[in-house]
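Okay, so here's the structure we're looking at.
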Amino acid sequence: MLKSFLEMKDLVNKFLDSASNRLAAYILSNEEWEAVDGLVFILMILKDATEFVSSNSPNIPAIIPAMDQIDEAFATRIVNEQELSASLQHALSTGKQTLNKYYQLTDTSHIYQIAMILHPSFKLEYFKMTAVASRLDQQCY
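Here's what the structure looks like:
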C-alpha cells in the first residue's frame, strides 16, 4: 500500500494542494517523501524474507544466508546515512541488533553447524566467510 502511495506521489500532491478540499497542510515535504521511499525499501526486504521463510520448504542452510542478506541490506542503509531519515536509521539499527541477537544464538546450535557443514554449497567455507565478514563489521562500528 505504501509503495502504491509512493507511485502516486504527483496525484497525492495535486489532490492535497487543491484549494477546494483544504488539505494543503498535509502535503508531504521532499524529506518526508524520501522517508517514505526508504521505508518502502526496508519493508520490501522484510516482506521478501517473510515470504521466503513462510514458504513450504525453508531449511536451515537456506534461512541463514537469507538472514545474512537482511543484515547486509540494513548495514548498508545505516552506513549510507544520507539515504534515510534519522528515525529510520534508528529503526534499522534496532532491527539489526535484534537480528544479530538471534543470529548469534544460531552459532551455538549444533544442528545449525551440522546443517551448514553438510550442505553441499556451504561446507566449512560459509563459516570462514562469515568470520571474515564479522571481523570487518566490528571494524566498521
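In this text, residue positions in the sequence shown follow UniProt numbering: the first is 1, and each later residue adds one.
Built from N, CA and C at the ideal position, the CB exists for glycine as well.
Would you kindly check if the distance between the Cβ of residue j and the Cβ of residue i is under 8 Å?
i, j, result
"E31", "S93", "no"
"I70", "I45", "yes"
"I60", "A24", "no"
"Y103", "M67", "yes"
With 16 other CB atoms within 10 Å as the buried threshold, where does residue i fall?
i, result
"A19", "exposed"
"L124", "exposed"
"L105", "exposed"
"D88", "The sequence as given places Leu at residue 88; Asp does not occur at that position. That one is buried."
"I42", "buried"
"L136", "Note that L136 scores 41 on pLDDT, short of 50, meaning its location in the model is unreliable and no value can be drawn from it."
Kindly indicate which residue of the options has the alpha-carbon position closest to the one of residue i.
i, options, result
"K3", "V40, L16, A35", "V40"
"A91", "D17, L16, G38", "G38"
To the nearest angstrom, how far is the alpha carbon of residue i from that of residue j?
i, j, result
"I117", "Y26", "55 Å"
"V12", "E34", "15 Å"
"A75", "K96", "8 Å"
"L16", "E7", "15 Å"
"K47", "V53", "10 Å"
"S57", "R22", "52 Å"
Do residue i and the ligand SAH come close, with the Cβ less than 7 Å from some heavy atom?
i, result
"S121", "Judged by which ligands are present, the structure shown has none, so any question about the ligand SAH falls away."
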